[in-house]
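Number of protein chains: 2
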Amino acid sequence: MTISMYQASVPVFVRTLTNLKGILAKAMVHAQAKKIDDSVLLAARLYPDMFPLARQVQIATDFARGTGARLAGGEPPAFEDSERTFAELVDRIERSLAFLRSLQPGAIDGSEDRSIVRAVRGVPYTFAGIDYLLQFALPNFFFHTTTAYAILRHSGIEIGKTDFIGPLN
Amino acid sequence: MTISMYQASVPVFVRTLTNLKGILAKAMVHAQAKKIDDSVLLAARLYPDMFPLARQVQIATDFARGTGARLAGGEPPAFEDSERTFAELVDRIERSLAFLRSLQPGAIDGSEDRSIVRAVRGVPYTFAGIDYLLQFALPNFFFHTTTAYAILRHSGIEIGKTDFIGPLN
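First to last, the sequence lines map onto chains A and B.
Residue numbering for the first sequence follows this note's numbering, starting at 59 and increasing by one per position.
Residue numbering for the second sequence follows this note's numbering, starting at 59 and increasing by one per position.
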């Protein structure tokens, strides 16, 4: 037995984006209770030249949608990067989840050797599907979802790793 | 075609731990140039009740070794959590890489359905191998490696996402 490209991609993205949605919901409640404007936390960052929270969530959802779409041989729907509230970030995640759930396992399975061209640091790079997923997309996806978590944790939101890992099946 | 449990585990851990080693090496050079004692950065954290840098690296390496070993049907070598310098953290990563590289693909392939019991939040939980890897081990591994990066970035070390993602094959 082996595992399929679908198993190693879409459900992994769905799980962690669902958990991230819960983390943002907790942050929204915290902000309301403390009378912190959403814009303050959406602009929070760990260092002046790092991306702020909103951008981390945008990039994470883009990696999830883009990877699913490209492994299936298509292109993802483009989303405008215009979120200004937690509710809008949650909505972006929900739209991304809906797209991921629309992808058929049969369209992604067998994509190990599919050529996928992406700009990496500004230069076009041709990946085999398996390398695109395991060497590039998953590390990037977890990098940005974890950084979103870290920004909120650093901002005093009461979340823990359990929120990030989520319930087990 | 499909992908194997080995492909989705050991090379993923090896790649990101190798990159983390490079990140710690940059932090070591920075600390020496600025005359910052290693202990200051190893104890740095993003919030008072979060684990500090050294612990993040310890846990990340433990997840990598433990996952590889358990998918292969064994137990990982236990490492003492005693690192006090960047050189010692780098050495822990190197010992973890040597262990990962000693694992035979044939011992891990076919472990999708292997029962793996782990304490999750203090309670024994029985995973199928595929769920252990994709739902638990990879998210935890990337959570702790990214948090280690984030602590150093927040501490002013001049690193970027390229250091985390690393060179592509």
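We put the beta carbon where it would ideally sit given N, CA and C, even for glycine.
None of these values were measured; they are calculated from a predicted model.
Pull up the distance between the alpha-carbon of residue i and that of residue j, whole angstroms please.
i               : j               : result
E133 of chain A : A195 of chain B : 29 Å
A165 of chain B : G168 of chain A : 24 Å
F222 of chain B : A136 of chain A : 26 Å
R176 of chain B : T125 of chain B : 11 Å
A127 of chain A : K92 of chain A  : 39 Å
F121 of chain A : F109 of chain A : 15 Å
H151 of chain A : G224 of chain A : Looking at the sequence itself, residue 151 of chain A is Ile, so the reference to His does not match. So the alpha carbons of these two residues sit roughly 16 Å apart.
A66 of chain B  : L226 of chain B : 16 Å
L192 of chain A : D95 of chain B  : 36 Å
L22 of chain A  : R153 of chain A : Lying outside 59 to 227, the shown extent of chain A, residue 22 of chain A is not represented and no answer is given.
V148 of chain A : V72 of chain A  : 13 Å
D189 of chain B : E170 of chain B : 8 Å
R123 of chain B : R159 of chain A : 33 Å
Y207 of chain A : R103 of chain A : 11 Å
V181 of chain A : Y64 of chain A  : 27 Å
D107 of chain A : G80 of chain A  : 27 Å
R179 of chain B : F144 of chain A : 29 Å
G218 of chain A : I217 of chain B : 26 Å
N77 of chain A  : I215 of chain A : 15 Å
Y105 of chain B : Y183 of chain A : 38 Å
V68 of chain B  : V87 of chain A  : 39 Å
P197 of chain B : P163 of chain A : 22 Å
T119 of chain B : I174 of chain A : 31 Å
How would you write the range of the alpha helix (DSSP H) that residue i sits in, first residue to last?
i               : result
F199 of chain B : 196-212
I94 of chain A  : I94 of chain A -> no alpha helix (DSSP H), and no H or E assigned at all.
A127 of chain A : 111-129
S154 of chain A : 144-160
A165 of chain A : 163-166
Out of the options, which has the shortest C-alpha to C-alpha gap to residue i?
i               : options                       : result
L155 of chain B : B:F222, B:V70, B:K219, B:A66  : B:V70
F157 of chain B : B:R172, B:T204, B:A130        : B:A130
L75 of chain B  : B:G180, B:V175, B:I117        : B:I117
T220 of chain B : A:S140, A:H202, A:I94         : A:H202
A89 of chain B  : B:S213, B:G218, B:P225        : B:S213
I61 of chain B  : A:P197, A:G187, A:G218        : A:G187
E138 of chain B : B:V115, B:S160, B:R159        : B:V115
E146 of chain B : B:I217, B:R113, B:Y64         : B:R113
S140 of chain B : B:V68, B:S97, B:I217          : B:S97
R172 of chain A : A:F185, A:I81, A:N198, A:V178 : A:F185
State the CB to CB distance for the pair residue i and residue j, rounded to an integer number of angstroms; the pair is presumed to be in contact (CB under 8 Å).
i               : j               : result
A85 of chain B  : L210 of chain B : 5 Å
R142 of chain A : L100 of chain A : 7 Å
F199 of chain B : T204 of chain A : About 11 Å; that fails the 8 Å criterion.
Can you pull the chain D neighbours of residue i, defined as C-beta to C-beta under 8 Å?
i               : result
A208 of chain A : As a matter of chain content, chain D is missing from the structure shown, whose protein chains are A and B.
Can you give me the start and stop residues for the beta strand (DSSP E) that residue i sits inside?
i               : result
T220 of chain A : Element bounds for T220 of chain A: not the beta strand (DSSP E) but the alpha helix (DSSP H), 219-223.
What are the partner residues of residue i, as DSSP defines its beta bridges?
i               : result
F185 of chain B : B:I174
I61 of chain B  : A:I61
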